[in-house]
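Undergrad: Protein chains in written order, with my numbering: chain S, 353 to 543; chain D, 531 to 719.
Below you will find the structure I want to go over with you.
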Amino acid sequence: MMLTCQTPIPDDMLLDYWARDLPDGDEMNRVEEHLFTCGDCSARLHQMAALGAGLTALVRQGRVSGIVSRAILNRLQRDGAQVRMFWLAPGETVPCAVFPGDDVVVTALRADFSGVDTVTLSVTGPDDSPFGRCDDVPVSGPRGEVLWANPAALLRQLPSMRLEITLTSTGGAPTELGRYVLEHSASTPSA
Amino acid sequence: MPTIVDSGDGDLARAVAGRVPGVAETAEAELYRRFAPRVRLYGLRHLRDEDEARDLSQQVMLLAIEKLRGGAVRDADQIASFVLGVSRTMAKDWKRLKWRREKLRETFLSASMVGVPVPDATLDIDHLERCLARLADRERTVVLLTFYAEKTGSEVGRELRLTEGNVRVIRHRAIERLRTCMTSRERGR
């Protein structure tokens, strides 16, 4: 974007403003005064807001893969998304399937996270084929959980299969925290 | 020859000031075109609701033009500050009303009955999904906590056991990556 503004608001400040990280006061007043007088910076904020609206729409449609936090999960449920949850403890095998109307499937993995800050989640399919991997996943305390989300639309396309999930602590000496198995049943095609 | 689009904000405000409706329609339309999107963004930032932000921008602009016509804006060159001031006052009232409305909604409507917001029509949401998937897990979580869960930097930090400063750095980098990914697609069109 070609800017004619001589004193553009820096990108990080614009982002802080949008994310409500700019404290109320002189700085926020200056940013808002500038946004009301400057078409260029206002257009940049518009782009950022459009990106945010797009991200929100994606999540609400269940089109989000990977690790989600409890706050995102709570928000999804509050927004009326149909979330199918499967809870697994280390060593457990759980049958799973996607049902009509589901938007997102979340696998909640429990383990003893004492002394662990971050973990790696790796998923393998039939014949040990790699299915997914998430690195550097933060855990929230010793009795926390790791929430792995997948769009229901994506899982509906999978054949019946066995998925093995491994959680490993990251850091100095990686330690296996748990192995989990999902026995996925393929969705029956709707009539 | 300079057109109305080239006029400064103050010139436009002066063209409208003290005039009866219908006399300065072109200047009024240009003021609306220029400021309504800014008020909408202000509304989105403070109210976090697309419909309310759009309504706010209409009401603020109607009031601002009415005040201009009535000669109630003392300094035409300060029209931007005037519009911002009206936006602030109206958004505050709106928030109070919103709080009351949400209490009523929670009582009488289930969440699934409330519509999903429509993203910007110019945004390629399928491509955004691919760009989001390319982010590192931590970046994606920070971005979603910020834009979807509407958490501040310190709240995200508490959830992910990061410092607020660290969250801001990750967030800034992630948005830059998303933006680059989105524009590279636009250039390729």
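Note that the Cβ used here is the ideal one computed from N, Cα and C, for glycine as well.
Here's the rule I'm using: 16 or more other beta-carbon atoms within 10 Å means buried, otherwise exposed. How should D/D605 be labelled?
TA: By the neighbour-count rule (16 or more Cβ atoms within 10 Å), D/D605 is not buried but exposed.
Undergrad: Going by DSSP, what residue range makes up the beta strand (DSSP E) through S/C558?
TA: Any question about residue 558 of chain S goes unanswered here, given that chain S covers just 353 to 543.
Undergrad: What are the start and end residues of each continuous alpha helix (DSSP H) run of 4 or more residues lying completely inside the segment 400-487 of chain S, in chain order?
TA: Listed in chain order, the complete alpha helix (DSSP H) runs (minimum 4 residues) inside the segment 400-487 of chain S are 422-430.
Undergrad: For D/T671, does the three-state DSSP call read helix, strand or coil?
TA: Three-state DSSP puts D/T671 in a helix.
Undergrad: For D/A663, report the span of its alpha helix (DSSP H) as first-last.
TA: Run containing D/A663: I655 to R664, per the alpha helix (DSSP H) assignment.
Undergrad: Start and end of the beta strand (DSSP E) containing S/V533?
TA: Per DSSP, S/V533 belongs to the beta strand (DSSP E) from E528 to S537.
Undergrad: Give the range of the alpha helix (DSSP H) segment to which S/E516 is assigned.
TA: Taken as a continuous stretch (DSSP letters only), S/E516 belongs to no alpha helix (DSSP H), being part of the beta strand (DSSP E) at M513 to S521.
Undergrad: I'd like to know if S/A371 contacts chain D, where contact means its C-beta is closer than 7 Å to some C-beta of that chain.
TA: Yes, S/A371 lies at the interface with chain D (some Cβ there is under 7 Å from its Cβ).
Undergrad: Please state whether DSSP places D/V590 in a helix, a strand or coil.
TA: Helix.
Undergrad: I'd like to confirm the pairing. Which residues does DSSP put opposite S/V498 in its beta bridges?
TA: According to DSSP, which records beta bridges pairwise, S/V498 is partnered with S/L461.
Undergrad: Along the segment 560-574 of chain D, what residues have a CB closer than 9 Å to any CB found in chain S?
TA: If the cut-off is 9 Å between Cβ atoms, the segment 560-574 of chain D has R564, F565, P567, R568, V569, R570, L571, Y572 and L574 near chain S.
Undergrad: Could you tell me whether the Cβ atoms of S/P478 and S/M513 are closer together than 7 Å?
TA: Yes. Within cutoff.
Undergrad: Is D/A679 close to chain S, meaning its C-beta is less than 7 Å from at least one C-beta of that chain?
TA: Yes, contact with chain S.
Undergrad: Taking Cβ positions only, does S/V411 come closer than 7 Å to chain D?
TA: Chain D contact via Cβ: present.
Undergrad: Quick one, which residues of the segment 372-400 of chain S are near chain D if we go by CB-CB under 8 Å, in chain order?
TA: From the segment 372-400 of chain S, only R372, D373, E384, E385, L387, F388, T389, G391, S394, L397, H398, Q399 and M400 have a Cβ closer than 8 Å to chain D.
Undergrad: Give me the Cα-Cα distance between D/T682 and D/V672, rounded to the nearest whole angstrom.
TA: Going by the C-alpha atoms only, they are around 10 Å apart.
Undergrad: Could you list which residues in chain D have their beta carbon closer than 7 Å to that of S/C486, in chain order?
TA: Correct list: D667.
Undergrad: Could you tell me which chain S residues have their CB closer than 8 Å to the CB of D/V673, listed as they occur along the chain?
TA: Under the 8 Å cutoff, chain S gives L407.
Undergrad: Would you check if the distance between the CB atom of S/L515 and the CB atom of S/L499 is smaller than 7 Å?
TA: No, the pair does not count as a contact, with Cβ atoms beyond the cut-off.
Undergrad: Between D/Q588 and the rest of its own chain, which residues show a CB-CB distance below 8 Å, the 5 nearest in sequence each way excluded?
TA: Counting only Cβ-Cβ distances below 8 Å, and skipping sequence neighbours, we find A566.
Undergrad: Using 7 Å as the limit for Cβ to Cβ distance, is D/R626 near chain S?
TA: With 7 Å as the cut-off, D/R626 does not count as an interface residue toward chain S.
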